[in-house]
Amino acid sequence: GVQTCALPICQMLVNGGTLDGVRVLKAETVKAMLSRQTTPEQGMTYWYDPERYQSVKGYAWGYAIGVRVDGVPHQMPGSTGDAGWAGFTNTWFFVDPKNEIVGVAMSQLVGTDPGAPVLKTLREGIYLALGKPEALKLDK
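Every letter in the sequence shown is one number past the one before it in my numbering, and letter 77, counting from 1, is 965.
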């Protein structure tokens, strides 16, 4: 299924471009993908309206992935440099290279961000289990 495809890709991103000891992407490519590619003048450009979809509030465009922006309010636990993507039925993946975390959440919930509470709970649980309570502060 999709989760078996997404998980190794996410792990490769967290590993800086390698998977199982094999270089898949250059480290510089991964760094660029996981870096904000929009300017502050462009604002918080993102694929969904962050007022309607609270789960993307505080994220902007990297290369084909949403990246966490420092200094703005967030609705999802996380850390500087985390990134992710959402699907139509509120599927989600996120990577947090700083904390070496990969998360994949699969659902079949259609609508205006109905998966946000599930995703938030998942992320809170992961960060708390790893002893990273600072990741729960949403207004970083």
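Even glycine gets a Cβ: it sits at the ideal position worked out from N, Cα and C. In this text the structure is predicted, and so the values were computed from the model without any measurement.
How far does the alpha helix (DSSP H) with residue i in it reach, from first residue to last?
i, result
"A920", "915-921"
"A1017", "1004-1017"
Identify which residue in the options has its Cα closest to the Cα of residue i.
i, options, result
"G1019", "N987, V1006, Q899, L997", "N987"
"T917", "T927, G909, G905", "G905"
"K919", "Y947, G991, D970", "D970"
"Q942", "T977, S967, V912, P961", "P961"
"S967", "L1026, W973, Q899", "L1026"
"T977", "L997, P985, V990", "L997"
Would the beta-carbon of residue i fall within 8 Å of that of residue j?
i, j, result
"R924", "V955", "yes"
"M964", "T979", "no"
"M921", "G950", "yes"
What three-state label does DSSP hand residue i in the structure shown?
i, result
"L1024", "helix"
"A974", "strand"
"V957", "coil"
"V998", "coil"
"V983", "strand"
"V910", "strand"
"P965", "coil"
"E929", "helix"
Would you give the residue range spanned by the beta strand (DSSP E) that residue i belongs to?
i, result
"A948", "947-949"
"G991", "989-993"
Does any C-beta atom of chain D lie closer than 8 Å to the C-beta of residue i?
i, result
"K919", "Here chain D cannot be found, since the structure has a single protein chain."
Report the rounded CA-to-CA distance for residue i versus residue j, giving the unit in angstroms.
i, j, result
"A894", "L907", "13 Å"
"E929", "A948", "12 Å"
"A1017", "T1009", "12 Å"
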